[in-house]
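Residue numbers (the working numbering): 101 to 197.
Built from N, CA and C at the ideal position, the CB exists for glycine as well.
So the structure is just underneath, and the comments pick up after that.
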């Protein structure tokens, strides 16, 4: 369990929180835990399903390292999800190389 970590949101998120929540995805969220940094790709479940379906229909493959799927893409929900990940020791996430 990690009690000390820092969440870094993209700098261009300020003032665009509503738009990001409506889009249902956010790239560039970082979590620093000691010397390790985890780069997160954040989706709500509806947008993830839409993007996955579009990729498959176009014959593409969709992959994502450190994918975080949450009910709503807001700072608060992201922070709650990261707190839950901290309680599990950030298991399943790959740190930045």
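- Residue burial is scored here from C-beta neighbours: residue 124 has at least 16 other C-beta atoms within 10 angstroms and is therefore classed as buried.
- Secondary structure within the stretch 104-129: the beta strand (DSSP E) runs of 3 or more consecutive residues, fully enclosed, are 106-108 (chain order).
- The residue among 154, 156, 121 with its C-alpha nearest the C-alpha of residue 143 is 121.
- Between the stretch 133-150 and the stretch 179-195 there are three or more C-beta pairs closer than 8 Å, enough to call the two in contact.
- The closest CA to that of residue 118, considering only 175, 187, 186, 188, is found on 175.
- Annotation: residue 116 to residue 191 spans about 30 Å, alpha carbon to alpha carbon.
- DSSP places residue 177 in the helix class (H, G or I) of the three-state scheme.
- Cβ-Cβ distances below 6 Å link residue 186 to 102, 105 in the same chain, with the five nearest sequence neighbours on each side left out; the list follows chain order.
- Boundaries of the beta strand (DSSP E) around residue 136: 136-144.
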